[in-house]
Amino acid sequence: MKRQNPHPEEFEILVNLDGTDTTITVQPDETSDGSPYFICDVSGNTITQLREEADGSWEQLWGKLDHHAVTLIGKAIKYNLTI
Numbered sequence: 003m004k005r006q007n008p009h010p011e012e013f014e015i016l017v018n019l020d021g022t023d024t025t026i027t028v029q030p031d032e033t034s035d036g037s038p039y040f041i042c043d044v045s046g047n048t049i050t051q052l053r054e055e056a057d058g059s060w061e062q063l064w065g066k067l068d069h070h071a072v073t074l075i076g077k078a079i080k081y082n083l084t085i
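All residue numbers for the sequence shown refer to my numbering, where the first residue is 3 and numbers rise by one.
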């Protein structure tokens, strides 16, 4: 069942980054014009900020992750929001 709250609370995802299972804390937020984005922290340090584009791809707003890592994190966020 999909969550009814359009702005869920902070949650954690597990993603394999560079061969290491990494727990990422995700904090949903939104821009001043109401567009959702996600702040991603590892051990209290922000590693990236992501948003989903209209075509379903993920864009990195801040951070230095490669495209593959951005896609993996984005898919894990989307999965978490749909369960």
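Think of the CB as a built atom: it goes at the ideal place given N, C-alpha and C, for glycine as much as any other residue.
Q. Between 65, 60, 73 and 38, which lies nearest to residue 47 when the distance is taken from Cα to Cα?
A. Against the sequence shown, residue 47 aligns to sequence position 45. Of the candidates 65, 60, 73 and 38, the residue whose Cα lies closest to the Cα of residue 47 is 65.
**Q.** Selection from 70, 63, 50 and 54 that minimises the alpha carbon distance to residue 81
**A.** As a working mapping, residue 81 is identified with position 79 in the sequence shown. Ranking 70, 63, 50 and 54 by Cα distance to residue 81 puts 54 first.
(Q) With DSSP as the reference, identify every bridge partner of residue 23, one or two as the case may be. (A) Position 21 of the sequence shown, counting from 1, holds the residue named residue 23. In the DSSP output, where bridge partners are listed per residue, residue 23 has 18.
Q: Kindly indicate the opening and closing residues of the alpha helix (DSSP H) around residue 84.
A: To locate residue 84, count along the sequence shown from 1; it is residue 82. Residues 69-84.
**Q.** Pairwise C-alpha distance: residue 83 and residue 19
**A.** To locate residue 19, count along the sequence shown from 1; it is residue 17. To locate residue 83, count along the sequence shown from 1; it is residue 81. In a straight line, the C-alpha of residue 19 is about 20 Å away from that of residue 83.
Q. According to DSSP, is residue 31 helix, strand or coil?
A. Numbered from 1 along the sequence shown, position 29 holds the residue referred to as residue 31. Looking at residue 31 - three-state DSSP - the assignment turns out to be strand.
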